[in-house]
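Heads up, the thing below is written out as structure tokens.
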Amino acid sequence: MRLTFLIPFLPLAGAAFLLLAGRRLRGSAAGWLAASLVGLGFVVSLVILGRLLGQPANHRLYVAHLFDWVQVGSFRVGVDLRDDPLAIVMALTVTGVGALIHVYAIAYMRDDPRFSRFFAYMNLFVFFMLMLVLANNFLLLYLGWEGVGLCSYLLIGFWFDRPAAANAAKKAFITTRIGDSAFLIGIVFIWLRVGSLDFGRVFGAAHGLPNGTATVIALLLFAGAIGKSAQIPLHVWLPDAMEGPTPVSALIHAATMVTAGVYLVVRAHPIFEASSSALTVVAVVGIVTAIYAGLSAIGQDDIKRMLAYSTMSQLGFMFFGAGMRAYGAAIFLLVTHAFFKACLFLGAGSVMHGLPDDETDLMKMGGLARPMPVTALTWAVSAAAMAGIPPLSGFFSKDQVISSASLAGRPGFWVAALAGAFLTAVYMGRGTFLAFFGRPRYDGHPHDPPAPMRIVLLALGALAVIGGILGLSASNGLLVRFLRRVIGAVGERVAGPSEAVLTLISVVVALLGVGLAAFVYVSGRFDWQALRARFARARQTLSHGFYVNDVYGGAIVAPAKAGSAFLAYVVDDRLIDGSVNGIGGAFRQLARAGRLAQSGLVRRYALAFAAGAVGILIFVAVRS
Amino acid sequence: MRTPISFFLLLSGMLFTVGTVGVLIRKNALIIFMSIELQLNAVNLALVTFSRQNGNLTGQVLTFFSMVVAAAEVVVGLAIIVSLYRKRRSIDVDDARMLRW
């Protein structure tokens, strides 16, 4: 009996229990229960990882058929869980980072009146995410895909009494639904063309697909990934999603759910490779998003929104890597990103926790390193990792993604990726220096968070530091070798300079970016506040994300709302209700006049009766 | 010599007219009731007359039916009048006008 089913089953049981009986638990018991179940899932994942490692490399694939799900004619789908290297890497990331964030949330959400409900949703999310990564067919993957979308909605809108949170939840759900619909159409296409949804059979048949079919399917799947992973043009929901509690931002909108799109592309890479152009589209969307989000992040004053844009840009890098067929590097970046981005978000949560009124404005921070040393240390380490400073984890993963473009013989993409990396270094430097260094601008008496939160921060910070050992080399790192069964061997260098030169260049670019941020914000030789005032217009453009949101608002939302209002208040209220009520009203008027004939006077009725009889008699007499 | 048939019909018509006018102008329910009986008897007379004229019994048979039905009607009608009187202490039909708009 394989234990795979336990991994998603544990959080599902937790969610069910907490939803039904969570309110009876006292204190933080609900939180500890949820966290320990996810932690147990992590342990089970480790056991399965051990079993996989004990097998020869080309035997590392098990499919556990739990039960038949759908069986209609020739359409058969089972609830099949797959454990292969890619699935187990994702499961380890989800449960590992997820358990840490659960522990953090126990302290963070302690005073919330709906404490147990929060952890029920979190566990439900982990369950769906695990179904997503462990599924062995597209329909089950889609179940998880929609499920995490639902949990994202529930958790963004967790504080639904705040209109901003309720609206952000709706926006996230609707925007991702656009991509999800395309994804579903893609799944239907797969079934029509291949006759099966099982990964093994679909990917086995992928090479035989005609180019056009493969392109259509790949792009439909990618549309789903765009929505879920907040890539241009469906990215507008992610910054708003920061209305949710900070642990949610860390778990769902940074470490796991938003990376589902990257997982999908890597998992379905045989379909993308069967098309001549799909991977190029993936790379272009990724790099455009990375640069766009990087620029936007520089203009953010809200610490969480800055992190949201940085997540978008890092996801862009992952797609970029996948588009360059560097699937191993993309997954590597996904894993390390989960470490350092979760740490950054939880650090932001600690800052909010320490400042009065959950302050998120970078302008009202500054110099927080002194009162909050642990938060500042873990944040700085994670930010440096993200910026790509060696020897932290982000350096290895980011560098491999960037280098993959040059190694694949596409120097144009490589330069664009370097620009994106430079922006990453700049905005991470800016955020770090504005929040933790320089002159204090905060109110109140900030302090480091309580022990459980500190421990989680330190654990994630440590992972962000040492995560690089998973992939010291692009072609032969631990992770890449482990994933080889799924993603194939890493291709030989096609063109361009050697790996060492490329690495050197990306390090220089990262250091330049951080240096620029340091020069502007902490060197003291520069009045950055005057600069802000002087370039207020440009700063506004960046902080509004180039007004894409407003364009959507004007071009799509406003007309849709106007159309709905027309249908609701003119067509429905006036036309449909009006005609129905009008007919009723006309009959009422008629009856009002007609009922006066009912005088209740028997003699009058008799008179009418007699008059009628006489009338008929006269009529008969005249006719004959 | 037979009495001309028009005499009977004339009598029948006069009786019917008296009955109709009685129904229309009187307010007392009992009088109205009696007027209705008058109308019925006028019709019965006409039926018997036609029976005799045609030389068969159809009209006379119909008359018996009519008389039986009239008896039944009297029973129901008088019961209504009695209960009306008990309820409203009046058998004036103009007072009994609850069933109006």
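Protein sequences appear in the order of chains A and B.
For the record, in the first sequence the residue sitting at position 448 is 428 according to our numbering, with numbers rising by one throughout.
Heads up, our numbering is the position in the second sequence plus 11, with the first residue counted as 1.
The beta-carbon is built from N, C-alpha and C at its ideal position, and this holds for glycine as well.
Terminal residues of the continuous beta strand (DSSP E) containing residue i?
{"i": "Y42(A)", "result": "Y42 to V52"}
{"i": "R56(A)", "result": "F55 to D63"}
Apply the 10 Å Cβ neighbour rule to residue i and answer buried if 16 or more other Cβ atoms are within range, or exposed otherwise.
{"i": "T614(A)", "result": "Residue coverage of chain A in this structure runs from -19 to 604, which leaves residue 614(A) outside it and unanswerable."}
{"i": "G447(A)", "result": "buried"}
{"i": "R247(A)", "result": "buried"}
{"i": "S484(A)", "result": "First, the residue type needs correcting, since residue 484(A) is Leu and not Ser in the sequence shown. Classification for L484(A): exposed."}
{"i": "S386(A)", "result": "buried"}
{"i": "I47(B)", "result": "buried"}
{"i": "Q280(A)", "result": "buried"}
{"i": "D64(A)", "result": "buried"}
{"i": "P219(A)", "result": "buried"}
{"i": "I271(A)", "result": "buried"}
{"i": "S94(B)", "result": "exposed"}
{"i": "D178(A)", "result": "buried"}
{"i": "K541(A)", "result": "exposed"}
The alpha helix (DSSP H) with residue i in it runs from where to where?
{"i": "R512(A)", "result": "W508 to R514"}
{"i": "R461(A)", "result": "L458 to I467"}
{"i": "K150(A)", "result": "P143 to V174"}
{"i": "P391(A)", "result": "P391 to F416"}
{"i": "G137(A)", "result": "It is not in any alpha helix (DSSP H) - G137(A) carries neither H nor E in the DSSP assignment."}
{"i": "N561(A)", "result": "D557 to G574"}
{"i": "W217(A)", "result": "W217 to D220"}
{"i": "E479(A)", "result": "E479 to Y501"}
{"i": "G30(B)", "result": "I16 to I36"}
{"i": "D379(A)", "result": "S373 to L387"}
{"i": "A586(A)", "result": "V582 to R603"}
{"i": "M366(A)", "result": "P353 to A367"}
{"i": "A577(A)", "result": "Careful: A577(A) lies outside any alpha helix (DSSP H) and carries neither H nor E."}
{"i": "S255(A)", "result": "Here S255(A) belongs to no alpha helix (DSSP H), and DSSP marks it neither H nor E."}
{"i": "A14(A)", "result": "A9 to L33"}
{"i": "L348(A)", "result": "It is not in any alpha helix (DSSP H) - L348(A) carries neither H nor E in the DSSP assignment."}
{"i": "H333(A)", "result": "Y307 to G334"}
{"i": "A1(A)", "result": "L(-14) to A1"}
{"i": "S455(A)", "result": "Careful: S455(A) lies outside any alpha helix (DSSP H) and carries neither H nor E."}
Just to confirm my understanding: we take residue i, look at its own chain, exclude 5 residues before and 5 after, and list those with CB closer than 7 angstroms. What are they?
{"i": "F607(A)", "result": "Since the displayed chain A opens at -19 and closes at 604, residue 607(A) lies outside it and no answer follows."}
{"i": "A254(A)", "result": "A186, H187, L189 and A194"}
{"i": "A356(A)", "result": "L348, A349 and F416"}
{"i": "N52(B)", "result": "L26"}
{"i": "M109(A)", "result": "V74, G124, V128, T236 and M237"}
Using a C-beta to C-beta distance shorter than 7 angstroms, which residues of chain A count as neighbours of residue i?
{"i": "V34(B)", "result": "A586"}
Which chain B residues are close to residue i, counting only those with a beta carbon under 9 angstroms from its beta carbon?
{"i": "S579(A)", "result": "R108, R111 and W112"}
{"i": "R583(A)", "result": "V34, L35, I36, R37, K38, I43, V104 and D105"}
DSSP on residue i, reduced to helix/strand/coil?
{"i": "A194(A)", "result": "helix"}
{"i": "A115(A)", "result": "strand"}
{"i": "N67(B)", "result": "coil"}
{"i": "D178(A)", "result": "strand"}
{"i": "D552(A)", "result": "helix"}
{"i": "D92(A)", "result": "coil"}
{"i": "D105(B)", "result": "coil"}
{"i": "D423(A)", "result": "coil"}
{"i": "D530(A)", "result": "helix"}
{"i": "D428(A)", "result": "coil"}
{"i": "D281(A)", "result": "coil"}
Hey, is residue i's beta-carbon within less than 8 angstroms of any beta-carbon in chain D?
{"i": "T28(B)", "result": "In summary, chain D is missing from the structure at hand, where the protein chains are A and B."}
Using the beta-carbon of each residue, which ones in chain B are nearer than 8 angstroms to residue i?
{"i": "L576(A)", "result": "W112"}
So with CB distances below 7 angstroms, who are the chain B contacts of residue i?
{"i": "A601(A)", "result": "Residues of chain B passing the Cβ test: none, with the nearest at roughly 14 angstroms."}
{"i": "A644(A)", "result": "With chain A running from -19 to 604 in the structure shown, residue 644(A) is simply not present."}
Might you give, ordered along the chain, the residues of its own chain that have their beta carbon closer than 6 angstroms to the beta carbon of residue i, omitting 5 neighbours on each side?
{"i": "L458(A)", "result": "L450"}
{"i": "A87(A)", "result": "P430, P432 and M433"}
{"i": "M286(A)", "result": "A277, Q280 and G411"}
{"i": "F252(A)", "result": "A198, A258 and L259"}
{"i": "P250(A)", "result": "F183 and A186"}
Residues in its own chain within less than 8 angstroms of residue i by CB, not counting five upstream and five downstream?
{"i": "W49(A)", "result": "V57, G58, V59, L119 and L120"}
{"i": "V27(A)", "result": "L(-17)"}
{"i": "D530(A)", "result": "H524"}
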